[in-house]
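Visitor: Protein chains in written order, with my numbering: chain A, 188 to 560; chain B, 17 to 316; chain C, 201 to 468.
Each residue gets a CB set at the ideal place from its N, CA and C atoms; glycine is no exception.
#1: Determine the chain B residues that contact residue 420 of chain C at a beta-carbon separation under 7 Å, and present them in chain order.
#2: What residues in its chain sit with their C-beta under 8 Å from that of residue 282 of chain C, if we drop five residues either side in the sequence?
#3: Chain B partners of residue 521 of chain A, CB-CB under 9 Å?
#4: Okay, do the segment 416–426 of chain A and the segment 373–380 of chain A touch, 3+ Cβ pairs below 8 Å being the bar?
#5: Going by the CB atoms, is the gap between residue 410 of chain C and residue 297 of chain A shorter than 8 Å?
#6: Mind checking the segment 271–300 of chain A against chain C and listing, in chain order, the residues whose C-beta falls within less than 9 Å of any C-beta there?
#7: How many angstroms separate the CA atom of residue 244 of chain A from the CA atom of residue 336 of chain A?
#8: In this structure, does DSSP put residue 337 of chain C in helix, strand or coil?
#9: Any idea if residue 386 of chain C is buried or exposed, counting beta-carbon neighbours within 10 angstroms, 16 or more meaning buried?
#10: Helix, strand or coil for residue 334 of chain A? Go by DSSP, reduced to three states.
#11: With which residues is residue 483 of chain A paired in a DSSP beta bridge?
#12: Taking the Cβ atom as the reference point for each residue, do residue 411 of chain A and residue 427 of chain A lie within a distance shorter than 8 Å?
#13: Are any of the Cβ atoms in chain B nearer than 8 Å to that of residue 463 of chain C?
#14: Could you tell me which uninterrupted alpha helix (DSSP H) segments, each at least 4 residues in length, are contained entirely in the segment 516–560 of chain A, listed from first to last along the chain?
#15: Using a 10 Å radius around the Cβ and a threshold of 16 neighbouring Cβ atoms, would you call residue 202 of chain C buried or exposed?
#16: Starting from residue 339 of chain A, trace the alpha helix (DSSP H) both ways and give me its first and last residue.
#17: Taking beta-carbon pairs under 9 Å, can you tell me which members of the segment 426–453 of chain A lie near chain C?
#18: Do residue 186 of chain B and residue 106 of chain B have their CB atoms nearer than 8 Å?
#19: Given a cut-off of 8 Å, decide if residue 458 of chain A and residue 351 of chain A are closer than it, judged by their beta-carbon atoms.
#20: Opposite residue 444 of chain A in the DSSP bridges: which residues?
#21: Can you tell me whether residue 406 of chain A is helix, strand or coil according to DSSP?
#22: Quick check on this structure: which residue in A/367, A/467, A/440, A/498 has the alpha carbon closest to the alpha carbon of residue 354 of chain A?
#23: Going by DSSP, name the residue or residues bridged to residue 470 of chain A.
#24: Does any heavy atom of the ligand SAM sit closer than 7 Å to the C-beta of residue 481 of chain A?
#25: Classify residue 282 of chain A as helix, strand or coil using the three-state DSSP reduction.
#26: Could you check whether the Cβ of residue 382 of chain C sits closer than 8 Å to any Cβ belonging to chain A?
#27: Helix, strand or coil for residue 378 of chain A per DSSP?
#28: Do you know offhand how far residue 431 of chain A's Cα is from residue 463 of chain A's?
#29: Report yes if the CB atom of residue 252 of chain B is closer than 8 Å to the CB atom of residue 311 of chain C, and no otherwise.
#30: Under the DSSP definition of a beta bridge, which residues are partnered with residue 254 of chain A?
#31: At the 8 Å Cβ level, is residue 263 of chain B part of the contact set with chain A, yes or no?
#32: Spell out whether any CB of chain A is found under 8 Å from the CB atom of residue 255 of chain C.
#33: Kindly confirm or deny that the segment 300–307 of chain A and the segment 250–268 of chain A touch, where touching means at least three C-beta pairs closer than 8 Å.
#34: Spell out the partners DSSP gives residue 304 of chain A in its beta bridges.
#35: Flag residue 41 of chain B as yes if its beta-carbon sits less than 8 Å from any beta-carbon of chain C, otherwise no.
#36: Rounded to the nearest angstrom, how far is the Cβ of residue 259 of chain B from that of residue 103 of chain B, given a contact under 8 Å?
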């Protein structure tokens, strides 16, 4: 296997040459250029010698490790492809099935660890010690409540929790209320799109069920109880719903984000989404950079790309609501066709705060297994 | 002159110095022990030691008492139940299939293909097996749909596909080939002369099986059943691929405890579960080894 | 056996083989059926999913990775296990029980539990040896030990190891020559058997690779299964058929080799 070492050695030599050349060319009046050590702790692009220096440093690294980003999730497939072709950086996408908790669990200090993560609120809040602060160029466009003040985490996109379903498999062809799911026509049909003890999407599914069954954002026991009843009646499918399971017909009724539900339309004709009018639960995901990222410059460049107009519009195309949407609409930079295609929201959305999500997460972790096993 | 046993021959190939011979011999096995020590025994030690410690490092038995809680105990009953039934079912069906194979042409195509297929299918599991069975008897699987269209709804009121009965059925898919692989050599060891002897003494097929082949094969059969049990009990990939949103089996509990939220994750408990699994399987495998040794006397 | 017994046996065999054949072939048929489905419910059968295998870089990479891992693991297993087993049989018969026990140990430690202990070890391996996915071979070698040990043990038991090696040594052969030119050629089917069991295990391994964050074939199949279940199923069934064909070919070749090896007592 020695030839691998030779190629790696060559790669390191080439990378060093490029870095030296880049630093040499941006030398002169600029602040600290984007060397490897600077990139590790740079808190913004300017601290790293400006965007161009960052791009050069990232290209020198040549790779980016991401995790738990299915291609059909809010258009991540297109985002990854666009990033790769724009900068020539190879994106290694691991464990697409992974939950938010799996993402931070993968911070194992090796060169396979993810550089960046896209996680739910409770996981972001619980793991700030593992992140490094960074403020993207468009930092001021992100509302104050949607980011950690120093840049340890910052929201990227969000949507509303809904129940997607295949009308052909549902008695009467339509779901009118969440209690319908307890009926006998739903045997082995109802699933969550994530494990609520680990996945933000799963957790919010339970929160939505709680609110729709008389609970509240502060008390999700009604939600866990609802799934317990589903399990007792044999309506619950112990399978994480994905595009494949929907296509195979395993999970014809699926609790998932509205922007994900829309993508099932191509596998299942007439796929519909039901959002209970009393329980419109919104949720954002958060970006964070690994403190021990194997490719720090590429990680920062990725964040810059995601929060640029291009990145945000790609998410919008995927049906999600990008965090900079308000600012972009004012500036006229938003993709208006995609914006118009977003599912309409009738009623008042409720967005759980960080504390509420953490509390709900703790309750679910303690009680979920016993309820649905 | 050159027959084995002749002292001249026995001593010819050995080094002359007595003391060094001893240490040189051990050196020969050293690479194996070093490798296995590093990649097998060390991880096992880590798990064993970890199961007796709390998060802050103090020694404790609380992890093991955590297993006795009703929810965890049910994980064990589920796992044990599925393992026992799939082991016994796989053993019986596998033995029958092995017998059907072994009574044919030993060099024939049928035997070779079945042995090759068994070699492949005994390892089959995980995502592909889960897909395959969902596509066959899942709620949209073609066998289920076919039977339903002819009036036979195998699920009726409860879809047992994701429950222990369904898991057991899926496990049979690799248990039966495994049985064929490990039991066929024992069947091969049966000599046709025994059958002829039984007949010449006036015995029927029943007598043959009840008094001759049966008792001879019993240790091998039992041993192979135990092997199948250990195989099912330790299986993880298929469970994880099929029951992606959790269900109460020991391997899935271990995974959940190890990869769950850091505040709630209790690696000690997971390690205790693992150690208990290992203890159960060690007992089973020791019995298996003892039975194999008894078998080899007659059927090698 | 008289005629009626032969008839009964024949019927028994046909019934068993047909029923079992149906049980085993149906899920594989279902996978084939699923992988050739068209996009819509009413679309005609198509091989698009199979063609897409070559066009999905992740899958192609996964196939190469797993094949490389299979080869490395098999060779590593042979290099580690065969000399050790020969040595133990000839020089250290007292520890043969210990070696057997150790080789059966991986069957008793579930992969999910072993991975917990392997994780810190692999962090060290990643830094000091190689971060490549091929480092998985270290773990796989341990996983294949039980199966390979049995296969090699059966092969070693069938040849008269002591006589052969002592004859060669007394004629001046070094241990290397003994292994390469005497022992290995005399147990071709056992070696092939052990290698193929290793290959089958490595091709089908998912747990360790996934939990150590590596991408091998099964992990890639799961990944592709998220968006393109048809292609994922196509790869799975393709890998299965490939492994089967390999085993068949080597069963036939091994059989032919078997006829050529030296049998003690026979004249050359």
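Guide: In this structure, then:
#1: Looking up residue 420 of chain C in the third chain gives position 220. None at all; the shortest Cβ gap to chain B is about 10 Å.
#2: Counted from its first residue, the third chain places residue 282 of chain C at position 82. 352, 379, 383, 384, 391, listed in sequence order.
#3: Against the first chain, residue 521 of chain A aligns to sequence position 334. The contacting residues do not exist; residue 521 of chain A stays about 36 Å from chain B at best.
#4: yes
#5: Here residue 297 of chain A corresponds to residue number 110 of the first chain, with the count starting at 1. Here residue 410 of chain C corresponds to residue number 210 of the third chain, with the count starting at 1. Cβ distance not < 8 Å, so residue 297 of chain A and residue 410 of chain C don't count as in contact.
#6: 279, 280, 281, 282, 283, 284, 293, 295, 296, 297, 298, 299, 300
#7: Residue 244 of chain A sits at position 57 when you count from the first residue of the first chain. Residue 336 of chain A sits at position 149 when you count from the first residue of the first chain. About 26 Å.
#8: Working through the third chain from its first residue, we reach residue 337 of chain C at position 137. DSSP places residue 337 of chain C in helix when its eight states are reduced to three.
#9: For the purposes of this step, residue 386 of chain C is taken as residue 186 along the third chain, with counting starting at 1. Under this definition residue 386 of chain C is a buried residue.
#10: For the purposes of this step, residue 334 of chain A is identified with residue 147 of the first chain, where counting begins at 1. Strand at residue 334 of chain A.
#11: Residue mapping note: residue 483 of chain A aligns to position 296 of the first chain, counting from 1. DSSP output for residue 483 of chain A lists no bridge partner at all.
#12: The residue given as residue 411 of chain A occupies position 224 in the first chain. The residue given as residue 427 of chain A occupies position 240 in the first chain. Cβ distance not < 8 Å, so residue 411 of chain A and residue 427 of chain A don't count as in contact.
#13: Numbered from 1 along the third chain, position 263 holds the residue referred to as residue 463 of chain C. In this predicted model, residue 463 of chain C has a pLDDT of only 47, less than 50, meaning its place in the structure is not dependable enough to derive any value.
#14: 523–527, 541–559
#15: As a first step, residue 202 of chain C must be located in the third chain, where it is residue number 2. With fewer than 16 other Cβ atoms within 10 Å, it is exposed.
#16: Residue numbering aside, residue 339 of chain A sits at position 152 when the first chain is read from its first letter. Note, residue 339 of chain A: premise wrong, no alpha helix (DSSP H); not H, not E.
#17: 429, 430, 431, 432, 434, 435, 453
#18: One-based indexing of the second chain puts residue 186 of chain B at position 170. One-based indexing of the second chain puts residue 106 of chain B at position 90. No, the pair does not count as a contact, with Cβ atoms beyond the cut-off.
#19: Here residue 351 of chain A refers to the residue found at position 164 when the first chain is read from its first residue. Here residue 458 of chain A refers to the residue found at position 271 when the first chain is read from its first residue. Result yes, Cβ atoms of residue 351 of chain A and residue 458 of chain A sit closer than 8 Å.
#20: Locating residue 444 of chain A in the first chain gives position 257, counting from the first residue. Answer is A/348, bridged to residue 444 of chain A.
#21: On the first chain, residue 406 of chain A is found 219 positions in, with the first residue counted as 1. Strand, per DSSP.
#22: Numbered from 1 along the first chain, position 167 holds the residue referred to as residue 354 of chain A. Closest by alpha carbon: A/440.
#23: Taking the first chain and counting its residues from 1, the one referred to as residue 470 of chain A is at position 283. According to DSSP, residue 470 of chain A bridges with A/346.
#24: This structure lacks the ligand SAM, and indeed carries no ligand of any kind.
#25: Reading the first chain from its first residue, position 95 is the one you call residue 282 of chain A. DSSP places residue 282 of chain A in coil when its eight states are reduced to three.
#26: Taking the first residue of the third chain as 1, we reach residue 382 of chain C at position 182. It does not: the Cβ of residue 382 of chain C has no partner Cβ on chain A nearer than 8 Å.
#27: The residue given as residue 378 of chain A occupies position 191 in the first chain. Residue state, collapsed to three classes: strand.
#28: Here residue 431 of chain A refers to the residue found at position 244 of the first chain. Here residue 463 of chain A refers to the residue found at position 276 of the first chain. Straight-line Cα distance between these residues: approximately 25 Å.
#29: In the second chain, the residue the question calls residue 252 of chain B occupies position 236. In the third chain, the residue the question calls residue 311 of chain C occupies position 111. Yes; because the gap between Cβ atoms is below 8 Å, this pair is in contact.
#30: Translated into the one-based positions of the first chain, residue 254 of chain A becomes position 67. For residue 254 of chain A, which the question treats as bridged, DSSP gives the partners A/281.
#31: The sequence position of residue 263 of chain B within the second chain is 247, counting from 1. For residue 263 of chain B, the answer is yes, since a Cβ of chain A falls inside 8 Å of its Cβ.
#32: On the third chain, position 55 is the one that residue 255 of chain C refers to. No, residue 255 of chain C does not count as interfacial toward chain A.
#33: yes
#34: Numbered from its first residue, the first chain carries residue 304 of chain A at position 117. Partner(s): A/475.
#35: In the second chain, counting from the first residue as 1, residue 41 of chain B sits at position 25. Yes, because at least one Cβ of chain C sits closer than 8 Å to the Cβ of residue 41 of chain B.
#36: On the second chain, residue 259 of chain B is found 243 positions in, with the first residue counted as 1. On the second chain, residue 103 of chain B is found 87 positions in, with the first residue counted as 1. Contact doesn't hold; Cβ gap of about 20 Å is too wide.
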